[in-house]
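In the UniProt record's numbering, the protein residues as written are 1 to 292.
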Amino acid sequence: MPAVSPKLAPQITQHVLYGPRHLQFRRTLGKLIDKEINPNVDEWETRKLFPAKKVFKKLGQLGVLGVNKPTDYGGLGLDFSYNIAIAEEMGRIHCAAIPMAVAVQTDMATPALADFGSDSLKREFLQPTILGDMVSCIGVSEACAGSDVAAIRTHAHWHGNDLIINGSKQWITNGYQADWICLLANTNKTQSIHRNKSLICVPLNEPGIHRSKGVEKLGMHSSDTAEIYFDSVVHYRLAELQTEIEAVRSLLYRAVMERVSGTDVTLLASMGKLKAARLARTVTDSCLQVIR
1 MPAVSPKLAP
11 QITQHVLYGP
21 RHLQFRRTLG
31 KLIDKEINPN
41 VDEWETRKLF
51 PAKKVFKKLG
61 QLGVLGVNKP
71 TDYGGLGLDF
81 SYNIAIAEEM
91 GRIHCAAIPM
101 AVAVQTDMAT
111 PALADFGSDS
121 LKREFLQPTI
131 LGDMVSCIGV
141 SEACAGSDVA
151 AIRTHAHWHG
161 NDLIINGSKQ
171 WITNGYQADW
181 ICLLANTNKT
191 QSIHRNKSLI
201 CVPLNEPGIH
211 RSKGVEKLGM
221 HSSDTAEIYF
231 DSVVHYRLAE
241 LQTEIEAVRS
251 LLYRAVMERV
261 SGTDVTLLAS
271 MGKLKAARLA
281 RTVTDSCLQV
291 IR
């Protein structure tokens, strides 16, 4: 069959996904890559470490680290297509280590926090991470639990008003330079291994946390890959209390929405009243214990 004549072929005048703003975003990022990143890649690969805090700060100033994150916390509030535009442009970096490290920050360590975290957690961890003032990592993989996430052994349990964390994480991208970790741990002994886990935002400067300097790899040397150990790390309960408050607020909003739609909300209202009343006393008592 003869090839279609260029004159007869349909002419694409618009990108199937990107608009002018996407393309401008790519051009701006491309200039940073050409000026600040690519000229240094060989040196970073030789040193087996790239300056994540310096690079992430520059990316944060462009909005790259929070392109689809809430504007209330420094993000741009754009849709996910902008993540794809950024990912494609990041592919122009001469070493995959840097795009991988950035993707861990933007698409692994922070999405759950952005979607489900309390306001206080977002202020403490998400906002500075979006701005490039913090480096983050995700803590899931362990020596005996990679793709089988349910098999992780790192656990956290309550001791009075403190959460005590024990365990270890392996092959953690950004782990050596990160300021905090989004840590997956077993937190409920009464549930099955598929329902007993929580994500916990943990500052990595806490006593009891130890990090290896790096894991030798066949490639992408400039991306630090660390082992992180948690030896009776104490994590305070305030974040957990805020999570409970947000859960009650969600119940309230659901009841209001159903009431507005004309649905009988007797059961929901009763549940909300019971939970909120109990929680008010629990929060007050727990905060007094923390202060003491």
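Glycine included, every Cβ here is placed at the ideal spot set by N, Cα and C.
Note to self: Tell me the rounded alpha-carbon separation between residue 92 and residue 30.
What the structure shows: Residue 92 and residue 30 have their C-alpha atoms some 8 Å from each other.
Note to self: Closest to residue 217 by C-alpha separation, out of 46, 106, 86, would be which residue?
What the structure shows: Taking only the C-alpha atoms, the option nearest residue 217 is 46.
Next item on the list: Alpha carbon to alpha carbon, how far is residue 270 from residue 109? Give it in angstroms, no decimals.
Entry: Rounded to whole angstroms, the gap between the alpha carbons of residue 109 and residue 270 is 37 Å.
Next item on the list: Within the region 136-193, note down every full beta strand (DSSP E) run reaching 3 residues or more, in order along the chain.
Entry: Restricting attention to beta strand (DSSP E) runs no shorter than 3 residues, the region 136-193 encloses them at 136-139, 155-159, 162-173, 180-186, ordered along the chain.
Next item on the list: Label residue 154 either buried or exposed according to how many other C-beta atoms from any shown protein chain fall within 10 Å of its C-beta, with 16 as the threshold for buried.
Entry: Result: buried.
Checklist line | N-terminal and C-terminal residue of the alpha helix (DSSP H) that residue 59 is part of | finding: Per DSSP, residue 59 belongs to the alpha helix (DSSP H) from 52-62.
Check: In chain order, what residues of the same chain lie with their CB nearer than 7 Å to the CB of residue 157, ignoring the 5 residues before and after it?
Finding: Excluding positions up to five away in sequence, the list reads 164.
Notebook entry, point to check: Is the region 66-86 in contact with the region 137-155, if contact means three or more CB pairs nearer than 8 Å?
Noted result: The answer is no - the region 137-155 does not touch the region 66-86, with fewer than three Cβ pairs under 8 Å.
Notebook entry, point to check: In three-state DSSP terms, what is residue 224?
Noted result: Residue 224: coil per DSSP, three-state reduction.
Item checked: Uninterrupted alpha helix (DSSP H) stretches inside the region 96-133 (no shorter than 4 residues) -> Complete alpha helix (DSSP H) runs here, min 4: 97-104, 111-116, 127-130.
Note to self: Check for me: the beta strand (DSSP E) holding residue 198 runs from which residue to which?
What the structure shows: The continuous beta strand (DSSP E) containing residue 198 extends over residues 197-203.
Note to self: With distance defined between alpha-carbon atoms, name the residue in 276, 95, 232, 227 nearest to residue 247.
What the structure shows: Of the listed residues, the one whose Cα sits closest to residue 247 is 276.
Check: For residue 232, which option in 260, 167, 194, 16 has the closest C-alpha, if you only look at C-alpha atoms?
Finding: Its Cα nearest to that of residue 232, the residue 167 stands out among 260, 167, 194, 16.
Margin query: I'd like the span of the alpha helix (DSSP H) that includes residue 211, first residue to last.
Written below: For residue 211, no alpha helix (DSSP H) encloses it; the enclosing beta strand (DSSP E) starts and ends at 209-211.
Checklist line | Cβ shell of residue 176 (< 7 Å), same chain only, five flanking positions each side left out | finding: Here the set comprises 211, 213, 214, 224, 226.
Check: Helix, strand or coil for residue 270 per DSSP?
Finding: In the three-state reduction of the DSSP assignment, residue 270 falls in the helix class.
Next item on the list: Measure from the alpha carbon of residue 173 to the alpha carbon of each residue in 235, 107, 118, then state which is nearest.
Entry: Checking every option, the nearest Cα to that of residue 173 belongs to 107.
Item checked: Buried versus exposed call for residue 50 [16 or more other C-beta atoms within 10 Å across all chains shown] -> Answer is buried; the Cβ neighbour count reaches 16.
Note to self: Can you give me the C-alpha to C-alpha distance between residue 185 and residue 140, rounded to a whole angstrom?
What the structure shows: Looking at the backbone, the Cα of residue 185 and that of residue 140 are separated by about 8 Å.
Checklist line | Through-space distance from residue 207 to residue 229, alpha-carbon basis | finding: When only Cα atoms are considered, residue 229 and residue 207 end up about 11 Å apart.
Notebook entry, point to check: In whole angstroms, what separates the C-alpha of residue 152 from that of residue 202?
Noted result: For the pair residue 152 and residue 202, the Cα-to-Cα distance works out to about 17 Å.
Notebook entry, point to check: Hey, would you say residue 220 sits closer than 8 Å to residue 137, going by beta carbons?
Noted result: Against a cut-off of 8 Å, the Cβ pair of residue 137 and residue 220 comes out as no contact.
Margin query: Can you tell me where the alpha helix (DSSP H) holding residue 39 begins and where it ends?
Written below: For residue 39, no alpha helix (DSSP H) run applies, since DSSP gives it neither H nor E.
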